[in-house]
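Q:
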Amino acid sequence: GAVVSQHPSWVICKSGTSVKIECRSLDFQATTMFWYRQFPKQSLMLMATSNEGSKATYEQGVEKDKFLINHASLTLSTLTVTSAHPEDSSFYICSARDLARYEQYFGPGTRLTVT
Amino acid sequence: KNEVEQSPQNLTAQEGEFITINCSYSVGISALHWLQQHPGGGIVSLFMLSSGKKKHGRLIATINIQEKHSSLHITASHPRDSAVYICAVKEVYGGSQGNLIFGKGTKLSVKP
Chain B
1114 GAVVSQHPSW
1124 VICKSGTSVK
1134 IECRSLDFQA
1144 TTMFWYRQFP
1154 KQSLMLMATS
1164 NEGSKATYEQ
1174 GVEKDKFLIN
1184 HASLTLSTLT
1194 VTSAHPEDSS
1204 FYICSARDLA
1214 RYEQYFGPGT
1224 RLTVT
Chain H
6 KNEVEQSPQN
16 LTAQEGEFIT
26 INCSYSVGIS
36 ALHWLQQHPG
46 GGIVSLFMLS
56 SGKKKHGRLI
66 ATINIQEKHS
76 SLHITASHPR
86 DSAVYICAVK
96 EVYGGSQGNL
106 IFGKGTKLSV
116 KP
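Chains B and H supply the protein sequences, listed in that same order.
When we follow the numbering used here, the leftmost residue of the first sequence carries the number 1114, and every step to the right adds one.
When we follow the numbering used here, the leftmost residue of the second sequence carries the number 6, and every step to the right adds one.
Written as structure tokens, this is what we have:
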């Protein structure tokens, strides 16, 4: 099946720094990528939807200036957590929609810990 | 009431048992996903269904659109099947972005 990769798989950073997470579709083109956040023992929460070449659409309550999303190509979207705080510590998961098959595939996730 | 309900929430089975996880939803959908999340967190897409039945190895997924219900079956369960299984639906009127609505997951533990 189609593969979506995320990098890094885990990251520890200090408060106030910025962290960039990459999401790549490895064997298909994805015009749409989704970014989710998951707190322990809870389900995935959609943060934003990014479309290649245009601005991301953020869900209510998600600060667009804090969670910067860039979808510069059909195979890459990035999420940058700016000025990270301990409460940003979470599991971030991306998902990409296969343009040709209209199926959605999930990345393995990135665990962010802010100290 | 949640739009996507899974049952059971937790399930413990002995190795070799046949397992069924259920998902019921209350909205009109265009597709239903079954996902597997291991303790490390990574999510694997198991199935995407819009009708009927799909089979992959020991996993079988069925959906009944009229009854708004789907089941995930695992035959000859194995400890490595231990994970959280998540049902997610794509709402028909979810707009062009087609956001998924997630169930809360079923935590499966298979004992050797």
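From the three backbone atoms N, C-alpha and C, an ideal C-beta is built for every residue, glycine too.
Which class does B:Glu-1135 belong to by DSSP, given the choice of helix, strand or coil?
A: Taking the first residue of the first sequence as 1, we reach residue 1135 of chain B at position 22. It is a strand residue.
Q: Show which residues of chain B have a CB atom less than 8 Å away from the CB atom of H:His-126.
A: Residue 126 of chain H lies beyond the residue range present for chain H, which begins at 6 and ends at 117; the question has no answer from this structure.
Q: Closer than 7 Å by beta-carbon distance: list the chain B residues that pair up with H:Gly-46, in chain order.
A: In the second sequence, the residue the question calls residue 46 of chain H occupies position 41. Correct list: Phe-1204, Gly-1222, Arg-1224.
Q: Between which residues of its own chain and B:Thr-1130 is the CB-CB distance below 7 Å, once the five residues before and five after are set aside?
A: Translated into the one-based positions of the first sequence, residue 1130 of chain B becomes position 17. Correct list, in chain order: Ala-1197.
Q: Please determine if the stretch 1196 to 1214 of chain B and the stretch 1138 to 1158 of chain B are in contact, where contact requires at least 3 C-beta pairs separated by less than 8 Å.
A: At 8 Å Cβ cutoff, the stretches touch.
Q: Quick one: what's got a C-beta closer than 8 Å to H:Ala-36's C-beta in the same chain, skipping five residues either side?
A: Reading the second sequence from its first residue, position 31 is the one you call residue 36 of chain H. Around H:Ala-36: Met-53, Leu-54, Ser-55, Val-94, Lys-95.
Q: Let me know if H:Ser-101 comes out buried or exposed under the rule of 16 or more other beta-carbons within 10 Å of its beta-carbon.
A: Here residue 101 of chain H is taken as the residue at index 96 of the second sequence, counted from 1. In this prediction, H:Ser-101 has a pLDDT of 47, which is less than 50 and means its spatial position is unreliable; what the coordinates show is noted afterwards. Exposed, by the Cβ-count rule.
Q: From which residue to which residue does the beta strand (DSSP E) around B:Arg-1150 run?
A: Translated into the one-based positions of the first sequence, residue 1150 of chain B becomes position 37. 1145 to 1151 is the span of the beta strand (DSSP E), which, as asked, contains B:Arg-1150.
Q: Measure the C-alpha to C-alpha separation of H:Trp-39 and H:Cys-92 and round it to an integer number of angstroms.
A: Here residue 39 of chain H refers to the residue found at position 34 when the second sequence is read from its first residue. Here residue 92 of chain H refers to the residue found at position 87 when the second sequence is read from its first residue. C-alpha separation (whole angstroms): 5 Å.
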